[in-house]
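Student:
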Amino acid sequence: MGEPLRVVMTLAFYPRGGSAQVARYLGDALGGHGVRVTLCCGSLGSPGSASHAATFFGGLDVQALDFTEAAARFEQGRDPMAAPVPMQPSFEDRPGVPDRVFAALGQAEYDHQVNMWGALLDRVGPPDLYHVHHLTHVNDALLDATPVVAHLHGTELKMLETIRNGAPASWTHASKWQQRLVEAARRADRLVAISTSERELAGELFGVEPGSIDVMPNGVDLQQFSVDPFPAEERLALWRRWLVDDPRGWDTSGLPGSVRYSAHEVQRAFHNPSTGNRLPVLLFVGRFLGFKRVPLLVRAYTQARAILGPSAPPLVIWGGFPGEWEGEHPHTVASSLGANGIFFAGWRGHDDLPMALNCADLLVAPSVDEPFGQVYLEAMAASLPVIATNSGGPPSFINTDPTRPTGWLVTPDDQDDLAAAIVAATSDANERQRRGRRGREIIERDFDWQHIARQFEEIYSDTIAHHR
Numbered sequence: 009m010g011e012p013l014r015v016v017m018t019l020a021f022y023p024r025g026g027s028a029q030v031a032r033y034l035g036d037a038l039g040g041h042g043v044r045v046t047l048c049c050g051s052l053g054s055p056g057s058a059s060h061a062a063t064f065f066g067g068l069d070v071q072a073l074d075f076t077e078a079a080a081r082f083e084q085g086r087d088p089m090a091a092p093v094p095m096q097p098s099f100e101d102r103p104g105v106p107d108r109v110f111a112a113l114g115q116a117e118y119d120h121q122v123n124m125w126g127a128l129l130d131r132v133g134p135p136d137l138y139h140v141h142h143l144t145h146v147n148d149a150l151l152d153a154t155p156v157v158a159h160l161h162g163t164e165l166k167m168l169e170t171i172r173n174g175a176p177a178s179w180t181h182a183s184k185w186q187q188r189l190v191e192a193a194r195r196a197d198r199l200v201a202i203s204t205s206e207r208e209l210a211g212e213l214f215g216v217e218p219g220s221i222d223v224m225p226n227g228v229d230l231q232q233f234s235v236d237p238f239p240a241e242e243r244l245a246l247w248r249r250w251l252v253d254d255p256r257g258w259d260t261s262g263l264p265g266s267v268r269y270s271a272h273e274v275q276r277a278f279h280n281p282s283t284g285n286r287l288p289v290l291l292f293v294g295r296f297l298g299f300k301r302v303p304l305l306v307r308a309y310t311q312a313r314a315i316l317g318p319s320a321p322p323l324v325i326w327g328g329f330p331g332e333w334e335g336e337h338p339h340t341v342a343s344s345l346g347a348n349g350i351f352f353a354g355w356r357g358h359d360d361l362p363m364a365l366n367c368a369d370l371l372v373a374p375s376v377d378e379p380f381g382q383v384y385l386e387a388m389a390a391s392l393p394v395i396a397t398n399s400g401g402p403p404s405f406i407n408t409d410p411t412r413p414t415g416w417l418v419t420p421d422d423q424d425d426l427a428a429a430i431v432a433a434t435s436d437a438n439e440r441q442r443r444g445r446r447g448r449e450i451i452e453r454d455f456d457w458q459h460i461a462r463q464f465e466e467i468y469s470d471t472i473a474h475h476r
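Next comes the structure, spelled out in C-alpha cells:
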C-alpha cells in the first residue's frame, strides 16, 4: 500500500466563524478516512478559550500563528499589524477592532503577513495538496509546486463584490487586494464554492467559467446534531442556565454578561400566561454582521408579537461575538422599541448549540445573500423547521421540493413578510413538526460530513493527477 494522502489545510483566521467549523468537521471526517490532515491557522488566547486553535480543533494536527500579542498591542494603542506575528486581517470593515479590513492594508503589511505564513508552511513541510479555506494572503505563501484546492466560503466574495461596486474611501488598497485575490483564484488548480449562487458570483468576479467551479455544500455531524428534544422542565432549566445563571448577552459595551435576566422574566416569557403551557421558542444563531439582518429580525418579531398576543413565543438571539457588530446593535434596537420577549444569550461554545436547538422549536435567520448557512443545516438535523430568505445559499436546500417544504422562505429585507412567516409558523405546531421531520430526512440523505469527505477525496485525487 502507498503512503496515505497528506493534506495541509489553511485558515488565515483564529477560530470564530463558520469556516472554522467547516475545517474542524471536514478535517475530522477526512482523518477517519485515512487522510493525514494538518491544519495551519490562527489562534487567539490561552488554552481552553474558544478562540484558541488547539482547543477548538482538538483532535486535529494543528500548527498555529498566535495572534494574542498582536491583540494585546491593539489594547495598548499600538499597531497590531506590526506585531512579530501580525493580527489577521478581516473581510469585514468594523471600527474599534484589531483585525482591520484586508483592503486597508498596504504593501508592507501584506509582505509581513505573507512572510509569517511562508515561515509557518515551511516548518510544516510540503504536503500532497493544499486545501485553502478562503482566498487571502495565505494563497501567496503557498509552494507553487504543490496542487491547490481553493475553498470559497463567501465572505471573500462579499468583499470583492463591494470593491467592484465602489469601495469605501478608507479602503485605500482595495484595487491591489482585488488583483491579488483574483490572481490567487485563477492560479488555484481547483475552485470549490459552497452553493450554486456563490459559484455564479465567483465566476463573474474572477472571470472564469462558472461550470469549472465545483459546488460542495457544507455538512452536518449527524451524531452531534440529532433529534433529541428535552422535556419541558429540562428545557426551561437549560434556558435559565444560559440566560440567568451564566448570562453572556452583551450590549454596546461589548462586555459578556452586560445583558442579563431574572428567573421570573424567563418563566413568564417562556409560558403562556393564560394557560401555563410551554410556548414554542424562536432561535436566531449567528454573528451580528450586516447581512445577517438581526435588527430587521428584532423589528419583525416585535410586529409579529403584537399580532400573536399572549401566545407570542420568546425569541432567543444566540451568538454575536463579544464587541463585534455592524450597523445597529440588535440590543439597542430592541430597547428602543421597548420590545418584550427577546433574550440575548451571547456567544457560546459550539458544543452547547445542539442542546439549544433541541430546546427550540423554530430557527429564524433572515440573512440576505447568506453564502451558505451552516446553522440552517444544523437546525434541520435537529428537526427544526427554518425561516430564511429566498436568497443566497438557503434556497439550495430549503423547500427544494415545493410539495414537501422544510421551512419558510421569505422575501429579503421584507419586514412584513418575515413577520407573517413568524406568525404562520408559530401558530401551527403540526406544520412545524412536519417540516422539521422532512428537513432531517434531507440532512441524512445529502449533508452527512462522511459523505462530503468522500467527495472531497475524489476532488483531491483528480486535482493531484491533473497537476502532475
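Numbers given in the numbering used here equal positions in the sequence shown, counted from 1, plus 8.
The beta carbon of each residue, even a glycine, is placed where N, CA and C say it ideally should be.
1. Counting Cβ pairs, one atom from each stretch, are 3 or more of them under 8 Å apart for the segment 383-401 and the segment 197-207?
2. Is the number of C-beta pairs between the segment 11-26 and the segment 309-320 that are closer than 8 Å three or more?
3. Which residues in the same chain have their Cβ closer than 7 Å to the Cβ of residue 364, if we skip the five residues on either side of it in sequence?
4. CB residue 379 to CB residue 447, shorter than 8 Å?
5. What residues in its chain sit with their C-beta under 8 Å from that of residue 282, if we drop five residues either side in the sequence?
6. Under the DSSP definition of a beta bridge, which residues are partnered with residue 44?
7. Please report the distance separating the alpha-carbon of residue 301 from that of residue 374.
8. Can you tell me whether residue 261 is buried or exposed, with buried defined as 16 or more other CB within 10 angstroms of its CB?
9. Using the rule of at least 16 other Cβ atoms within 10 Å of the residue's Cβ for burial, across every protein chain shown, is residue 525 buried or exposed?
10. What are the start and end residues of the beta strand (DSSP E) that includes residue 138?
11. Find out if the Cβ-Cβ distance for the pair residue 267, residue 258 is shorter than 8 Å.
12. Taking just the CA atoms, how far does residue 273 sit from residue 438?
13. Beta-carbon of residue 78 versus every beta-carbon of chain D: anything under 8 Å?
14. Inspect the CB distances between the segment 344-356 and the segment 234-245 and report whether three or more fall short of 8 Å.
15. What whole-angstrom Cβ distance do residue 463 and residue 311 have, given they're in contact under 8 Å?
16. On the DSSP letters alone, give me the boundaries of the alpha helix (DSSP H) that residue 316 sits inside.
17. Please say whether residue 95 and residue 75 have beta carbons closer to each other than 8 Å?
18. Roughly how far, in whole angstroms, is the beta-carbon of residue 297 from the beta-carbon of residue 421, given that I think they are within contact range, below 8 Å?
19. For residue 155, I'd like the list of residues in its chain whose CB is within less than 6 Å of its CB, leaving aside the five on either flank, ordered along the chain.
20. DSSP three-state label for residue 71, please.
21. Apart from the five residues on each side of it in sequence, which residues of its chain come closer than 8 Å, Cβ to Cβ, to residue 271?
22. Please classify residue 98 as buried or exposed, where buried requires at least 16 neighbouring CB atoms within 10 angstroms.
23. Within 10 Å of its beta-carbon, does residue 54 have 16 or more other beta-carbons around it, so buried, or fewer, so exposed?
24. Classify residue 90: buried if its beta carbon has 16 or more other beta carbons within 10 angstroms, exposed otherwise.
25. To which residues of the same chain is residue 431 closer than 8 Å at the C-beta, ignoring the five residues directly before and after it?
26. Is the distance from the Cβ of residue 168 to the Cβ of residue 206 below 8 Å?
27. Checking 8 Å against the spacing of the C-beta atoms, do residue 111 and residue 175 come in under that value?
28. Starting from residue 128, follow the alpha helix (DSSP H) in both directions and report where the run begins and ends.
29. By a C-beta neighbour count over all protein chains shown, 10 Å radius and 16 as the cutoff for buried, is residue 409 buried or exposed?
30. Assuming residue 16 contacts residue 48 under a Cβ cut-off of 8 Å, what Cβ separation, rounded to an integer in Å, is found between them?
31. Verify whether the separation of the beta carbon atoms of residue 395 and residue 372 is less than 8 Å.
32. If contacts are defined as beta-carbon pairs under 8 Å, then residue 164 and residue 142 qualify, I think. What distance do you get, rounded to the angstrom?
33. Measuring CA to CA, which of 62, 188, 276 is closest to residue 72?
34. Below 8 Å between beta carbons: does that hold for residue 33 and residue 229?
35. By DSSP, does residue 440 sit in helix, in strand, or in coil?
36. Scan the segment 184-265 and note each continuous alpha helix (DSSP H) run of 4 residues or more that stays entirely inside, going in chain order.
Tutor: According to the structure shown:
1. yes
2. no
3. 291, 326
4. no
5. 318
6. 14
7. 6 Å
8. Exposed, by the Cβ-count rule.
9. Within the shown structure, residues of the chain are numbered from 9 to 476, placing residue 525 beyond reach of any answer.
10. 137-141
11. By the CB criterion at 8 Å, residue 267 and residue 258 fall inside the cutoff.
12. 28 Å
13. Of the protein chains in the structure, only one exists, and it is not chain D.
14. no
15. Contact flag wrong, Cβ pair sits at about 42 Å.
16. 302-316
17. In contact: residue 75 and residue 95 (Cβ atoms closer than 8 Å).
18. 15 Å between Cβ atoms; not a contact.
19. 137, 197, 471, 472, 475
20. strand
21. Non-local beta-carbon contacts of residue 271 in its own chain, meaning distances under 8 Å to residues more than five positions away in sequence, involve 248, 252 in chain order.
22. buried
23. exposed
24. exposed
25. 312, 315, 316
26. no
27. Yes; because the gap between Cβ atoms is below 8 Å, this pair is in contact.
28. 115-132
29. exposed
30. 6 Å
31. yes
32. 5 Å
33. 62
34. yes
35. helix
36. The segment 184-265 contains these whole alpha helix (DSSP H) runs: 204-214, 240-248.
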